[in-house]
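Residue numbers (the working numbering), protein chains in the order written: chain A, 1 to 223; chain B, 224 to 446; chain C, 447 to 669; chain D, 670 to 892.
Protein chains: 4
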Amino acid sequence: MAKQAKPCVLVTGFAPFGGETINPSWEAVNQLEGLAIGRQESHIIHTKELPCEFNSALDALYQAIDKYHPSVVLCVGQAGGRSSISIERVAINVDDARIPDNAGNQPIDTPIVQDGPAAYFTALPIKRILKTLQENGIPSEISNTAGTYVCNHVMYGLLHYFQSQQLSCQGGFIHIPYLPTQAVHHSGAPSMSQEMVKKSLLAILNESLEYKPDLKISAGTTH
Amino acid sequence: MAKQAKPCVLVTGFAPFGGETINPSWEAVNQLEGLAIGRQESHIIHTKELPCEFNSALDALYQAIDKYHPSVVLCVGQAGGRSSISIERVAINVDDARIPDNAGNQPIDTPIVQDGPAAYFTALPIKRILKTLQENGIPSEISNTAGTYVCNHVMYGLLHYFQSQQLSCQGGFIHIPYLPTQAVHHSGAPSMSQEMVKKSLLAILNESLEYKPDLKISAGTTH
Amino acid sequence: MAKQAKPCVLVTGFAPFGGETINPSWEAVNQLEGLAIGRQESHIIHTKELPCEFNSALDALYQAIDKYHPSVVLCVGQAGGRSSISIERVAINVDDARIPDNAGNQPIDTPIVQDGPAAYFTALPIKRILKTLQENGIPSEISNTAGTYVCNHVMYGLLHYFQSQQLSCQGGFIHIPYLPTQAVHHSGAPSMSQEMVKKSLLAILNESLEYKPDLKISAGTTH
Amino acid sequence: MAKQAKPCVLVTGFAPFGGETINPSWEAVNQLEGLAIGRQESHIIHTKELPCEFNSALDALYQAIDKYHPSVVLCVGQAGGRSSISIERVAINVDDARIPDNAGNQPIDTPIVQDGPAAYFTALPIKRILKTLQENGIPSEISNTAGTYVCNHVMYGLLHYFQSQQLSCQGGFIHIPYLPTQAVHHSGAPSMSQEMVKKSLLAILNESLEYKPDLKISAGTTH
């Protein structure tokens with residue numbers, strides 16, 4: 001199989017769920033399609049909207065990976081109620097859906113991969129990313145849980161695919177706040193502008209393409 | 224005394240306080256200087272940075288009012304930790320400073336105006352403003368307390384001046400969230416982009432210049 | 447009408463509202479009925495459950511005041527979502543109901559007392575109360591808004607009655623958290639045990655009966 | 670070594686850390702020493718205070734397990750800022766200390782067990798525990814992160830010991846809120862009474878000793 005001429009990265013967002021009419025992840029990701037990224041614009045960005053469905057989200061993700069052979073895969077999802085760009089550290093091998101997904105499925109305490117490892121750590125340089133985002137004036141944090149819904153499912157599935165297919169990709173998951181237009185309908189909920197989310201995603205991709213070791217800077221939580 | 228040729232409005236922001244190096248209120252307000260506002264650009268905007276000091280903030284405010292004879296006076300302050308544009312409903316006649324102001328004063332349970340009324344309600348059409356902001360996709364809320372620090376002090380002092388000087392002005396107080404660059408240093412704190420704050424202030428001024436009765440729409444709290 | 451032989455205090459709680467089956471205020475207040483309070487058990491405690499209704503709550507309150515001639519009137523209400531005993535500083539002259547009351551009424555931006563003052567400050571020694579509660583290990587705070595629902599309505603009405611009837615009473619309003627049994631149904635909501643609420647109310651009554659000047663200790667908010 | 674005559678369980682709490690003078694976990698756990706638990710009081714409770722130190726906490730835990738051969742090991746820690754009994758679902762193989770531990774160590778992004786699995790799922794019936802606690806009127810929740818400090822370290826180390834020593838124990842980790850006396854010093858922080866924490870721990874132990882399969886009830890989060 002011939003490799004693609006131009007190196008690329010893949011960024012995914014989600015379809016709306018949980019009563020929302022938009023998903024800020026796809027709203028932002030969609031704007032990145034075809035842009036060049038990396039030093040000397042070394043990579044182009046491909047994007048993909050994933051369904052918010054346990055059964056089909058990973059199929060769509062794997063197809064896109066197989067199609068594009070990306071150097072980095074960045075999956076992005078909505079975290080309504082969070083204030084900052086959340087850089088996820090770890091995905092766990094369980095689905096426990098508080099609400100049904102968009103296909104009506106609500107798995108409870110089901111492994112994502114039967115006999116898979118309990119968790120995968122991200123394959124992104126999360127501390128370097130954190131430092132870069134903060135230096136750019138973007139509220140951001142390391143998160144130690146991506147939940148137990150489709151977002152965690154996709155993050156786990158992504159990292160399992162890297163492992164099982166022996167792909168030497170970087171990749172991971174980022175949660176983003178509501179857009180201001182959504183927060184209007186969630187009294188008191190924090191939000192982030194689409195411009196800032198877009199800027200964040202570009203910074204994360206650039207940082208990931210640097211291929212330097214991650215930094216050891218403290219960004220943990222006591223609980 | 225000759226009246227000014229061109230009708231105007233006055234918008235104030237504050238100097239930084241509490242360890243911050245910027246105050247998002249003045250950062251945004253400062254950008255409005257000299258802009259035209261209202262139907263057919265009927266009014267120009269004057270701006271003024273107020274010191275974050277109990278003793279001198281109102282002097283500076285009153286001087287600006289006397290100088291410009293504005294139709295609307297909109298005072299703006301930082302509410303670190305809030306997520307939305309907070310449209311203040313009421314100011315109370317007490318200073319109770321949790322931290323010293325920028326001049327080192329920390330009044331505790333002191334009336335702002337000796338023998339003044341316990342409170343003044345805002346002289347802005349707050350429900351119309353709320354509706355307009357939300358229709359423009361801006362997270363916003365009615366707040367029933369402006370605190371007991373310099374912000375409440377200035378709001379009370381403003382409305383007392385309207386009353387005591389028999390000015391037929393509109394005016395009131397708006398609290399705004401941290402800027403993203405500030406929230407970086409306050410883990411988990413919500414923020415709002417300067418563009419959105421600026422857009423909010425212009426919408427509030429335009430709405431205030433409409434001189435229509437306020438709407439009766441529910442925006443209260445149970446506690 | 448002859449004055450009562452034994453001096454007394456009056457403590458009120460509310461009926462449940464907003465879908466709750468109990469109201470922690472009445473659950474706690476109800477346990478105080480007939481207890482002796484004050485130095486040398488100088489006063490007995492009368493209690494009264496108020497309807498959560500704009501129209502009739504104050505009638506019930508005024509009847510109880512007229513009946514008992516209490517030295518102190520302490521009104522207590524539920525503040526679901528707050529973590530601490532909230533000692534209210536001020537009540538404002540407006541009803542703005544986010545939800546209908548138990549009689550189906552939902553007043554919006556209506557004065558509680560036509561031509562009444564914009565606000566009344568509490569007639570309780572709130573800083574002494576705060577200090578006492580904290581010394582007793584009870585999470586507590588001064589609150590600068592009692593909301594715009596029936597709680598604020600009752601607090602304003604109480605203080606207006608003191609004023610209009612020239613009663614030399616002490617009195618005010620305290621908001622309390624959910625009970626743990628309620629918080630079970632409000633994911634992540636803080637709660638306080640009934641024992642601690644009861645202990646708080648007794649401490650507040652005792653402190654109020656001391657008739658010493660209030661303390662000047664800082665307990666304000668910047669917004 | 671002869672097995673103990675009487676079956677037992679082991680419950681651990683922590684020493685104070687982070688500037689606190691008490692740790693609510695040990696305050697509550699300490700009260701359980703020697704109590705009988707389980708159907709027909711089948712088991713006695715042993716307790717152990719663990720140091721809040723990465724290096725020595727697990728040594729102390731393993732010594733206690735080796736000494737008592739408990740059927741259940743329940744480790745308990747403080748989660749200041751949480752409102753509910755937090756039943757931890759998973760521990761991850763990383764230390765990332767936001768603050769130094771009590772011995773002055775601050776590991777950053779260090780594996781707890783070199784080449785250990787990325788995570789261990791709890792060995793407690795967490796959904797049955799959740800249901801029982803809620804039926805008993807105790808605010809409680811499943812948590813998907815125990816942080817990256819000594820609490821997560823101990824939970825991971827406990828479950829790794831079960832695995833490496835092939836112990837057929839049940840066990841896991843519970844986070845508890847501040848005590849009210851602590852919350853007094855953390856403005857706005859939620860708290861839980863010691864009585865309720867004690868009642869929770871006994872209910873968790875009883876539920877664990879039932880040896881029934883866990884329930885499949887939804888208790889996940891979307892992020």
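C-beta atoms are modelled at their ideal positions from N, C-alpha and C, and glycine is treated no differently.
List the whole-angstrom C-beta distance separating residue i from residue j, where the pair is believed to meet the contact cut-off of C-beta under 8 angstroms.
i: Ile554 (chain C); j: Ser248 (chain B); result: That pair is no contact at about 29 angstroms.
i: Asp542 (chain C); j: Thr594 (chain C); result: 4 angstroms
i: Ser589 (chain C); j: Ser532 (chain C); result: 4 angstroms
i: Lys234 (chain A); j: Leu32 (chain A); result: Only positions 1 to 223 of chain A appear in this structure, which leaves residue 234 (chain A) out of reach.
i: Ala788 (chain D); j: Ala119 (chain A); result: 3 angstroms
i: Ala64 (chain A); j: Lys48 (chain A); result: 4 angstroms
i: Ala525 (chain C); j: Ile622 (chain C); result: 7 angstroms
Return the residue from the list the options that minimises the CA-CA distance to residue i.
i: Val299 (chain B); options: B:Ile397, B:Cys231, B:Leu424 and B:Tyr434; result: B:Ile397
i: Gly241 (chain B); options: B:Gly443, B:Lys421 and B:Tyr401; result: B:Tyr401
i: Asn699 (chain D); options: D:Leu719, D:Gly707, D:Asp728 and D:Pro859; result: D:Leu719
i: Leu382 (chain B); options: B:Cys275, B:Lys271 and B:Tyr285; result: B:Tyr285
i: Ala57 (chain A); options: A:Asn136, A:Lys198 and A:Val150; result: A:Val150
i: Phe54 (chain A); options: A:Pro111, A:Ala64, A:Val72 and A:Gln40; result: A:Pro111
i: Leu353 (chain B); options: B:Lys439, B:Leu233, B:Ala283 and B:Ile260; result: B:Lys439
i: Cys231 (chain B); options: B:Gln386, B:Val295 and B:Asp282; result: B:Val295
i: Asn652 (chain C); options: C:Gly484, C:Val457, C:Leu456 and C:Lys452; result: C:Gly484
i: Gln609 (chain C); options: C:Val559, C:His669 and C:Lys452; result: C:Val559
i: Gln709 (chain D); options: D:Asn805, D:Asn774 and D:Lys675; result: D:Lys675
i: His632 (chain C); options: D:Asn774, D:Gly806 and D:Tyr880; result: D:Gly806
i: Glu810 (chain D); options: C:Val457, C:Tyr657, C:Tyr607 and C:Pro626; result: C:Pro626
i: Leu456 (chain C); options: C:Glu581, C:Glu656 and C:Gly618; result: C:Gly618
Could you check whether residue j and residue i sit closer than 8 angstroms to each other, using their CB atoms as the reference points?
i: Gly634 (chain C); j: Ser753 (chain D); result: yes
i: Asn692 (chain D); j: Gly703 (chain D); result: no
i: Phe790 (chain D); j: Arg767 (chain D); result: no
i: Ser860 (chain D); j: Pro585 (chain C); result: yes
i: Leu498 (chain C); j: Asp547 (chain C); result: For the record, residue 498 (chain C) in the displayed sequence is Cys; it is not Leu. Yes; because the gap between Cβ atoms is below 8 angstroms, this pair is in contact.
Hey, how far is the Cα of residue i from the Cα of residue j?
i: Thr21 (chain A); j: Ala314 (chain B); result: 38 angstroms
i: Ser42 (chain A); j: Leu201 (chain A); result: 16 angstroms
i: Ser431 (chain B); j: Leu356 (chain B); result: 12 angstroms
i: Ile650 (chain C); j: Ala15 (chain A); result: 53 angstroms
i: Gln616 (chain C); j: His515 (chain C); result: 12 angstroms
i: Gly527 (chain C); j: Thr221 (chain A); result: 24 angstroms
i: Thr347 (chain B); j: Ala103 (chain A); result: The residue you asked about is not Thr; residue 347 (chain B) is Leu in the sequence shown. Approximately 47 angstroms, taken between the alpha carbons.
i: Gln450 (chain C); j: Ala474 (chain C); result: Its pLDDT being 49, under 50, Gln450 (chain C) is placed unreliably by the model, and the measurement read from it follows with that caveat. Spanning the two alpha carbons is a distance of roughly 25 angstroms.
i: Val823 (chain D); j: Val763 (chain D); result: 11 angstroms
i: Gln405 (chain B); j: Glu418 (chain B); result: 15 angstroms
i: Pro563 (chain C); j: Ile267 (chain B); result: 35 angstroms
i: Lys796 (chain D); j: Val630 (chain C); result: 15 angstroms
i: Met224 (chain B); j: Gln388 (chain B); result: Bear in mind that the predicted position of Met224 (chain B) carries a pLDDT of just 46, short of 50, making it too unreliable to give a figure here.
i: His932 (chain D); j: Asn152 (chain A); result: In this structure chain D extends from 670 to 892, so residue 932 (chain D) is not present and cannot be described.
i: Tyr434 (chain B); j: Asn328 (chain B); result: 39 angstroms
i: Gly157 (chain A); j: Tyr379 (chain B); result: 57 angstroms
i: His269 (chain B); j: Glu135 (chain A); result: 34 angstroms
Alpha helix (DSSP H) segments (min. 4 residues) lying fully within the stretch 717-766 of chain D: 723-737
Extract the residue ranges of the beta strand (DSSP E) inside the stretch 101-163 of chain A, only unbroken runs of 3 or more that lie entirely within it. 108-110, 119-121 and 140-143
Enumerate, from N- to C-terminal direction, the unbroken beta strand (DSSP E) stretches of 3 or more residues contained entirely within the stretch 831-887 of chain D. 839-845
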